[in-house]
Amino acid sequence: EHSLLRQISSLVRRLPAIDSPKFQDDFL
Amino acid sequence: EEQVAVIREGLAEVYVDEEEWSKAAQMLSGIDLESGIRVLDDTYKLSKCVKIAQLYLEDDDAVSAETYIKKASFLVNNSKDEGLNLQYKVCYARILDMKRKFLEAALRYYELSQLEKREFEGRQVDEEELQQALTAAVTCTILAAAGPQRSRVLATLYKDERCSKLNIYPILQKVYLERILRKPEVDAFAEELKPHQKALLPDNSTVLDRAMIEHNLLSASKLYTNISFEELGALLGIGSQKAEKIAARMISEDRMKGSIDQVEGIIHFGTDIEELQQWDQQIMNICQALNDVLDSMAKKGL
Amino acid sequence: MEIEQRQSELVEQFVALAKTARGRAAAELIVHATSHRSLFAFAELLSMPHIIELQGTEHANFLDLLRLFAHGTWTDYKKNASQLPTLGIDQELKLKQLTVLTLAETMKVLPYDLLMKQLDISNVRQLEDMLINDCMYAGIVKGKLDQRRRCFEVQFAAGRDLRPGQLEAMIQTLANCLSTSDNLLLTIEEKIKWADSMNELNLKHKKEIEDKAEELRKN
């Protein structure tokens with residue numbers, strides 16, 4: 001289902017990083 | 029006084045035939061409506077005030093017209109003559125339009141466009157007239173000062189199905205979506221405007237120019253985090269100093285959020301929403317996008 | 331979602347046409363699709379038998395063109411321009427729009443210099459006009475232009491057709507995000523428990539002090 005895959009691809013790009021050093025610093 | 033009134037009315041009709049509108053208005057305004065001798069009902073007084081205002085409007089004298097329409101506004105609530113009340117509303121809307129109180133005019137035109145009763149003393153209000161009122165409402169809204177109040181009226185008009193059938197709809201759409209308007213679109217819009225809507229302002233720009241520049245400035249604030257005044261001027265088709273001045277005025281009037289760094293020559297556009305709320309909003313958008321994906325999957329039986 | 335909804339009808343139309351178009355007609359269909367201003371999805375068309383049939387024929391370069399529009403960028407086109415059909419203005423614009431989407435896949439903040447290089451645009455005004463009119467207003471991208479930092483911050487970018495091998499990476503990203511989110515939630519829960527227990531201790535300690543003070547007053 002190409003349409004779904006494109007939608008999911010777009011969604012994946014929008015996920016918050018949550019895993020970068022900068023995020024960890026700010027979160028702590 | 030009765031005879032004087034009759035003579036004045038007769039002379040006024042002669043002036044109207046000669047298209048001497050202001051003279052006709054002056055002739056009628058000489059009728060003493062507050063006379064202690066004659067008993068005059070409110071409907072008669074209202075009809076005279078509205079007529080005088082209409083005549084002054086024909087000569088583009090909005091100031092004099094406004095004087096009489098304001099007198100009429102004290103009388104209209106007691107009037108049972110629906111035809112006359114309608115004439116009052118139309119006249120008031122046109123006066124506001126001519127006085128460049130565009131947002132107020134837009135609301136009144138919009139109300140007129142939604143007229144339910146169409147027949148008044150043998151005269152029929154046809155669909156085209158309602159459409160004209162709707163178009164006038166859209167035009168006035170576009171010309172009104174950009175800001176939150178105008179945005180609300182734009183939303184109402186944009187969501188009104190009838191507007192999608194108007195010739196002016198494309199520009200309404202762009203203004204509602206806060207998109208930058210380019211010169212050809214503005215020129216096409218200008219062709220449909222009345223002279224007072226293209227009038228020159230004290231700073232040598234026209235009413236239309238100011239409305240378009242302010243709209244485009246607001247549109248730019250949706251696209252940019254910050255922009256130099258030089259680039260902003262190029263985008264708006266004006267000098268950088270003028271761009272700064274207009275931006276400063278809009279910020280001080282709370283019609284746009286932002287701050288100006290004169291040293292660096294940059295405007296920083298702000299938002300109504302603070303950073304954490306924006307973060308929350310982005311997460312909500314992701315959740316919505318996820319829901320959409322799940323809905324699409326369900327529709328495909330996955 | 332909006333962009334997908336808008337182009338789903340178009341995709342269906344082109345797919346329907348591809349069922350009967352063969353050879354030269356299929357090649358023309360490819361030109362039409364890659365020129366259409368509202369179409370940014372080509373995987374469906376690429377999987378149609380009559381389109382795949384173009385491989386090894388005199389129109390094979392049109393199949394390559396369609397693959398380029400499905401997965402490639404403007405830079406890819408320039409590298410292989412001699413083997414591909416010449417692009418019309420609409421096609422050129424579309425390929426540049428698709429290039430922006432590809433760049434947005436890997437970077438949330440796109441420097442102007444990178445964009446100008448990748449899109450062969452020589453000045454900032456032209457670049458910003460392209461991003462505003464052809465990307466943001468076209469609904470394929472949402473974001474903010476930052477002139478001071480000379481970059482474009484991407485908030486949303488429409489998805490392109492998946493390249494071979496991209497699916498696994500996507501699944502892995504989703505799995506990573508899931509586990510990171512779970513860990514983060516656990517950490518937050520722990521912090522909440524810690525805050526609650528500290529609060530209880532504080533209240534207990536405060537009560538002890540007050541009780542002692544009260545006792546002293548009585549005595």
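Protein sequences appear in the order of chains A, B and C.
Reminder that position 27 of the first sequence reads as 27 in our numbering, one-by-one numbering, no gaps.
Reminder that position 233 of the second sequence reads as 261 in our numbering, one-by-one numbering, no gaps.
Reminder that position 64 of the third sequence reads as 394 in our numbering, one-by-one numbering, no gaps.
Glycine residues also receive a C-beta, built at the ideal position from the N, C-alpha and C atoms.
What number of angstroms, rounded off, separates the C-alpha of residue i from the C-alpha of residue j?
{"i": "K349/C", "j": "V341/C", "result": "13 Å"}
{"i": "K521/C", "j": "M528/C", "result": "10 Å"}
{"i": "E155/B", "j": "I196/B", "result": "17 Å"}
{"i": "I199/B", "j": "K523/C", "result": "56 Å"}
{"i": "S179/B", "j": "R207/B", "result": "13 Å"}
{"i": "P212/B", "j": "K285/B", "result": "28 Å"}
{"i": "K534/C", "j": "D512/C", "result": "33 Å"}
{"i": "E272/B", "j": "R13/A", "result": "37 Å"}
{"i": "L398/C", "j": "Y407/C", "result": "7 Å"}
{"i": "E339/C", "j": "F372/C", "result": "13 Å"}
{"i": "R336/C", "j": "R136/B", "result": "36 Å"}
{"i": "K312/C", "j": "R367/C", "result": "With chain C represented from 331 up to 549, any question about residue 312/C goes unanswered, as that position is not in the structure."}
{"i": "A33/B", "j": "K108/B", "result": "23 Å"}
{"i": "S63/B", "j": "R36/B", "result": "15 Å"}
{"i": "I382/C", "j": "Y204/B", "result": "44 Å"}
{"i": "E422/C", "j": "W404/C", "result": "8 Å"}
{"i": "E48/B", "j": "E302/B", "result": "60 Å"}
{"i": "L209/B", "j": "E144/B", "result": "35 Å"}
{"i": "R146/B", "j": "Q159/B", "result": "13 Å"}
{"i": "E189/B", "j": "L515/C", "result": "46 Å"}
{"i": "V181/B", "j": "N532/C", "result": "54 Å"}
{"i": "A134/B", "j": "L185/B", "result": "10 Å"}
{"i": "A355/C", "j": "L384/C", "result": "11 Å"}
{"i": "A525/C", "j": "I539/C", "result": "21 Å"}
{"i": "K129/B", "j": "A239/B", "result": "13 Å"}
{"i": "K202/B", "j": "S509/C", "result": "43 Å"}
Leaving out the 5 sequence neighbours to the left and right, which residues in its chain are closer than 8 Å to residue i when beta-carbon positions are compared?
{"i": "Q427/C", "result": "F370, D464, C465, A468, I470"}
{"i": "I333/C", "result": "F370, G469, I470, A488"}
{"i": "E242/B", "result": "A173, A174, I274, M278, R283"}
{"i": "E29/B", "result": "D60, S63, I65, R66"}
Do residue i and residue j have their C-beta atoms within less than 7 Å of each other?
{"i": "N106/B", "j": "D70/B", "result": "yes"}
{"i": "F344/C", "j": "A363/C", "result": "yes"}
{"i": "L431/C", "j": "E458/C", "result": "no"}
{"i": "L395/C", "j": "P415/C", "result": "yes"}
{"i": "C481/C", "j": "V439/C", "result": "yes"}
{"i": "D125/B", "j": "C168/B", "result": "yes"}
{"i": "E519/C", "j": "H2/A", "result": "no"}
{"i": "A218/B", "j": "L236/B", "result": "yes"}
{"i": "Q7/A", "j": "V321/B", "result": "yes"}
{"i": "L11/A", "j": "A317/B", "result": "yes"}
{"i": "I123/B", "j": "E94/B", "result": "yes"}
{"i": "V484/C", "j": "A434/C", "result": "yes"}
{"i": "A100/B", "j": "Y116/B", "result": "yes"}
{"i": "L103/B", "j": "K79/B", "result": "no"}
{"i": "L171/B", "j": "S141/B", "result": "no"}
{"i": "T429/C", "j": "Q456/C", "result": "no"}
{"i": "L347/C", "j": "L359/C", "result": "yes"}
{"i": "L39/B", "j": "M55/B", "result": "yes"}
{"i": "D450/C", "j": "S365/C", "result": "no"}
{"i": "L229/B", "j": "I462/C", "result": "no"}
{"i": "K226/B", "j": "T234/B", "result": "yes"}
{"i": "H389/C", "j": "A357/C", "result": "yes"}
Might you give, ordered along the chain, the residues of its own chain that have their beta carbon closer than 6 Å to the beta carbon of residue i, omitting 5 neighbours on each side?
{"i": "Q82/B", "result": "C119"}
Give me the DSSP bridge partner(s) of residue i.
{"i": "Y186/B", "result": "Note: Y186/B sits in no beta bridge, so no partner."}
{"i": "T234/B", "result": "L228/B"}
{"i": "G64/B", "result": "The partner list for G64/B (beta bridge, DSSP) is empty, contrary to what the question assumes."}
{"i": "Y252/B", "result": "L475/C"}
{"i": "C481/C", "result": "P441/C, D476/C"}
{"i": "H296/B", "result": "N254/B, S287/B"}
{"i": "A488/C", "result": "A488/C is not bridged to any residue."}
{"i": "E147/B", "result": "Q152/B"}
Take residue i and list the residues in its own chain whose beta-carbon comes closer than 7 Å to its own, dropping the five residues that flank it on each side.
{"i": "I295/B", "result": "N254, I255, F257, L260, A275, G286, I288"}
{"i": "S75/B", "result": "L112"}
{"i": "D491/C", "result": "A371, F372, A373, A400, H401"}
Could you run through the stretch 433 to 461 of chain C and flag, in chain order, every residue whose CB is less than 7 Å away from some CB of chain B? R455
Chain A contacts from the stretch 295 to 326 of chain B (Cβ-Cβ distance under 9 Å): W307, Q310, I311, N313, I314, A317, L318, D320, V321, S324, M325
Looking at chain A, which residues of the stretch 491 to 510 of chain C have a Cβ within less than 7 Å of any of its Cβ atoms? D491, L492, M500, T503, L504, C507, T510
Taking a Cβ distance cut-off of 7 Å, strictly less, list which residues of the stretch 360 to 391 of chain C are near chain A, in chain order. A371, A373, E374
Taking Cβ-Cβ distances below 7 Å as the criterion, which residues of the stretch 517 to 532 of chain C are in contact with chain B? none
Using a Cβ-Cβ cut-off of less than 9 Å, give me the residues of the stretch 463 to 494 of chain C that come near chain A, in sequence order. V484, Q485, F486, A487, A488, G489, R490, D491, L492
Check each residue of the stretch 1 to 21 of chain A: if its Cβ is closer than 9 Å to any Cβ of chain C, include it; give the result in chain order. H2, S3, L4, L5, R6, Q7, I8, S9, S10, L11, V12, R13, R14, L15, P16, A17, I18, D19
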